[in-house]
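Undergrad: Residue numbering for the sequence shown follows the working numbering, starting at 408 and increasing by one per position.
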Amino acid sequence: MRRALLLVTFGAAILGAAEKKTYTYKTVGDLVIQADVYRPDDDVVRPAIFWIHGGALIMGQRGNLRAEQLNRYLDAGFAVVSIDYRLAPETKLPEILEDIQDAWRWVRAEGPKLFRIDPDRIAVVGHSAGGYLTLAAGYLFRP
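Here it is as structure tokens:
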């Protein structure tokens, strides 16, 4: 069976509010890098949205996912994983891409157990610089 990686880029995002659970997917020195997972409160195994925030690679955070956008994903039956990554200028692009890839691997490996997702049904979505990182993900990730 062939697996497909869906790449989608979205426009504006602002801080949204929704029920969530926060996980640490990576630690670099003293820096803890986290992901917020949103999903309906049930035991259904769901497809997932892997969401990468924007901010010109120098600002932004996983909490910048708009509530309206989040609710559309949840209403459509998706779990949503919104990730942080290290920011420039303290971190260079290769390390930022490493964080994205490490988050991807963590979601695929741990997501089925921790938050009941189907690791073969994950769409990568990004806003602004997150859209750029989404495109890069298409070259980095092997489904």
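For every residue, glycine included, the Cβ atom is placed at its ideal position computed from N, Cα and C.
(1) What does the alpha-carbon distance come out to for the pair V415 and W511?
(2) Give me the residue from R446, R493 and G470 with the minimum Cα distance to A486.
(3) For the alpha helix (DSSP H) that D482 lies in, which residues bound it at each end?
(4) Would you give the residue range spanned by the alpha helix (DSSP H) that Y432 belongs to?
(5) Please go through the segment 504-550 and give each complete beta strand (DSSP E) segment of 3 or more residues, from N-terminal end onward.
(6) In whole angstroms, what is the alpha-carbon distance linking H460 and L472?
(7) Which value, in whole angstroms, describes the spacing of the CA atoms of L422 and L500?
(8) Provide the residue span of the beta strand (DSSP E) that contains L438, from first to last.
(9) Quick check on the DSSP output: the beta strand (DSSP E) that includes R469 runs from which residue to which?
TA: On the basis of the coordinates in this document:
(1) Only weak support exists for where V415 lies, its pLDDT of 43 falling under 50; the value from the coordinates is given anyway. When rounded, the distance between both Cα atoms is 15 Å.
(2) R446
(3) A474 to D482
(4) It is not in any alpha helix (DSSP H) - Y432 instead sits in the beta strand (DSSP E) that spans K428 to V435.
(5) 524-534
(6) 7 Å
(7) Residue confidence for L422 is low, a pLDDT of 31 falling below 50, so the modelled location carries little weight; the figure read from the coordinates is stated next. Rounded to the nearest angstrom, the two C-alpha atoms are 25 Å apart.
(8) L438 to Y445
(9) Per DSSP, R469 belongs to no beta strand (DSSP E) and is neither H nor E.
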